[in-house]
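Asks:
In full-length UniProt numbering, the protein residues as written are 1 to 148.
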C-alpha cells in the first residue's frame, strides 16, 4: 500500500500504529469475558503485578507517571478498577494518608490473561528486528517522549 508523501509526520505514523495495535489486541481478547475491562486496566494490572514482584509500593502518582495521564484521569480509572474488584487501596505503612494500590485476585487473573496477549503482540511487532534495531527503536521512542 502506497502512502501519501504529505502524511509522513512521525506523530501520524505513531497514531496509525497505535490504532493497529488496539485493533489487534481487541481481536485477541473478549471484553465481556474479562468483565468489560479496558486495555488501560490491563496495562495497569501488569504494572502493579511487576511492581509487587519487586516489592515496591505503587501509588496513584506512580500510575500517572508510568502512563503519562493526568490526576483526574488516573483517579477516575482507578476508582472504576476498584469497583470492578481489580484493585484495592490500602493505607501506606509509612504514611497513613497515602493509599497504596494492590491487586485483588480478579486483577491478578486479568494480568495473567493479558500477559499472554502482550507477549503475542510484542512478538508480532518486533518480528524481523535485530536486537540492535530494537535497542535503537527504544532509544528513539524514549527521546520522543522526553521531547514532549
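Even glycine gets a Cβ: it sits at the ideal position worked out from N, Cα and C.
1) Is the beta carbon of residue 106 sitting closer than 8 Å to the one on residue 58?
2) So what's residue 87 in DSSP terms, helix, strand or just coil?
3) Can you find a C-beta in chain E that's less than 8 Å from the C-beta of residue 53?
4) With DSSP run on the structure shown, which of helix, strand or coil describes residue 148?
5) With respect to the beta strand (DSSP E) encompassing residue 100, which residues constitute its N-terminal and C-terminal limits?
6) How is residue 129 classed by DSSP in three states: helix, strand or coil?
7) My assumption, with CB atoms under 8 Å, is that residue 79 sits in contact with residue 60. Please give the rounded CB distance.
8) Identify every residue that forms a DSSP beta bridge with residue 59.
Replies: The relevant details are as follows:
1) If you number the chain shown from 1, residue 106 lands on position 106. If you number the chain shown from 1, residue 58 lands on position 58. Not closer than 8 Å, so no.
2) On the chain shown, residue 87 is found 87 positions in, with the first residue counted as 1. Annotated three-state conformation of residue 87 is strand, per DSSP.
3) The displayed structure is made up of one protein chain only, and chain E is not part of it.
4) Position 148 of the chain shown, counted from the first residue, corresponds to residue 148. Residue 148 falls in the coil class under three-state DSSP.
5) Counting from 1 along the chain shown, the entry for residue 100 is found at position 100. Here the beta strand (DSSP E) through residue 100 covers 99–103.
6) Reading the chain shown from its first residue, position 129 is the one you call residue 129. Taken through DSSP and simplified to helix, strand or coil, residue 129 comes out as coil.
7) For the purposes of this step, residue 79 is taken as the residue at position 79 of the chain shown. For the purposes of this step, residue 60 is taken as the residue at position 60 of the chain shown. For a cut-off of 8 Å, the C-beta gap from residue 79 to residue 60 is around 10 Å, too long to register as a contact.
8) Position 59 of the chain shown, counted from the start, is the residue given in the question as residue 59. By DSSP's assignment, residue 59 forms a beta bridge with 100.
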